[in-house]
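Worksheet: one structure, shown below.
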Amino acid sequence: MIAEYLFPAFLIGLMATPHCVSMCGAIGGCVSQSVNQQYTGPFYSYMLLFNLGRILSYAIAGILIATLLGSIGTLTEPLRGLLWLRLLAALILLGMALHMAGLSRWILWLEQLGKPLWRRVQPHTQGLLPIQNHRNALLLGMLWGWLPCGMVYSTLSFSAASGSAVTGGLAMFLFGLGTIPALIFVASSAKLIATLREMHWLKRIISYFLALYAIFLGYKIITQLI
1392 MIAEYLFPAF LIGLMATPHC VSMCGAIGGC VSQSVNQQYT GPFYSYMLLF NLGRILSYAI
1452 AGILIATLLG SIGTLTEPLR GLLWLRLLAA LILLGMALHM AGLSRWILWL EQLGKPLWRR
1512 VQPHTQGLLP IQNHRNALLL GMLWGWLPCG MVYSTLSFSA ASGSAVTGGL AMFLFGLGTI
1572 PALIFVASSA KLIATLREMH WLKRIISYFL ALYAIFLGYK IITQLI
């Protein structure tokens, strides 16, 4: 069952590149420019630690929300409760596929849910800029992981619907890994940003694959519920 969540989460992270570029490309550029040049160390080591911190926050959120949903799902009949959660995950995955294909914008409203939390977190990022050492890069990434983002929240909903803290955490960790290549290289390449924004054909192919996969999962779960 765990593979039903891990592979799609990683694939969504890879295919979320245009969205990540729009949401975080400028942020990544600002972070890269904020690295204090008087401190030694490879540039990419700071960016890797920044992104590691961001991914750790995703994983923590996945563990917390999956644990909560898993507890709710087992309040009634445990097996059927978890099946309903898996069906919810399939529906969320289908919605994300439609969004990636440009057929729906439903996940954008999810970004509004995280704004109150971000208003409390964002001021703490100021004290970590400019980045003067690897510790600051990691901490800044952990704070920035709570930036309101519809793709993150929808993937979080999908992975948390597994009802398993381990699966939720791993799925969000893999989602974050999928976003790393784009955000690291985007920070230093304006040409790459333009290229990634034109990947509509590849994103559409993957979105169709995810939609079919979501339908397959949903059908399999419904047959177990009937």
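For the sequence shown, the positions run 1392 to 1617 when this note's numbering is used. Built from N, CA and C at the ideal position, the CB exists for glycine as well. Please read all numbers here as calculations on a predicted model, not as lab measurements.
What are the start and end residues of the alpha helix (DSSP H) that includes Leu-1529?
-> Segment 1525–1535, the alpha helix (DSSP H) holding Leu-1529.
Identify, in the order they occur along the chain, each residue of the same chain with its Cβ nearer than 6 Å to the Cβ of Ala-1528, setting aside the five sequence neighbours on each side.
-> Tyr-1437, Leu-1440, Phe-1441 and Ile-1522
Do you know how far the Cα of Trp-1535 is from the Cα of Tyr-1435?
-> A straight-line Cα-Cα distance of about 18 Å links Tyr-1435 and Trp-1535.
What span of residues does the alpha helix (DSSP H) with Thr-1546 cover, start to end?
-> 1541–1551
Could you tell me the boundaries of the alpha helix (DSSP H) in which Trp-1509 lies?
-> 1506–1512
Give the C-beta separation of Ser-1550 and Gly-1559 to the nearest angstrom, bearing in mind that I take them to be a contact with Cβ-Cβ under 8 Å.
-> 5 Å
Expressed to the nearest angstrom, what Euclidean distance is found between the alpha-carbon atoms of Ser-1555 and Glu-1395?
-> Rounded to the nearest angstrom, the gap between the Cα atoms of Ser-1555 and Glu-1395 is 12 Å.
Between the Cα of Ile-1597 and the Cα atoms of Arg-1477, Gly-1493 and Ser-1462, which residue gives the shortest distance?
-> Gly-1493
Hey, out of Leu-1478, Lys-1594 and Gly-1532, whose CA is closest to Ile-1617's CA?
-> Leu-1478
C-alpha gap between Arg-1445 and Trp-1537, whole angstroms = Answer to the nearest angstrom: the Cα atoms are 8 Å apart.
By how many angstroms is the C-alpha of Met-1491 removed from the C-alpha of Arg-1595?
-> 7 Å
Whose CA, out of Ala-1457, Ile-1403 and Met-1406, lies closest to the CA of Val-1557?
-> Checked all of Ala-1457, Ile-1403 and Met-1406; the closest Cα to Val-1557 is Ala-1457.
Taking Pro-1407 and Met-1533 to be in contact with their CB atoms under 8 Å, please state how far apart those CB atoms are, rounded to whole angstroms.
-> The sequence given here has Ala at residue 1407, not Pro. Taking C-beta atoms under 8 Å as the contact rule, Ala-1407 and Met-1533 fail to qualify, at a distance of about 20 Å.
Presumed contact (8 Å Cβ cut-off) between Gly-1461 and Phe-1566, rounded CB distance | In fact, because the Cβ distance is near 19 Å, the residues do not count as touching under 8 Å.
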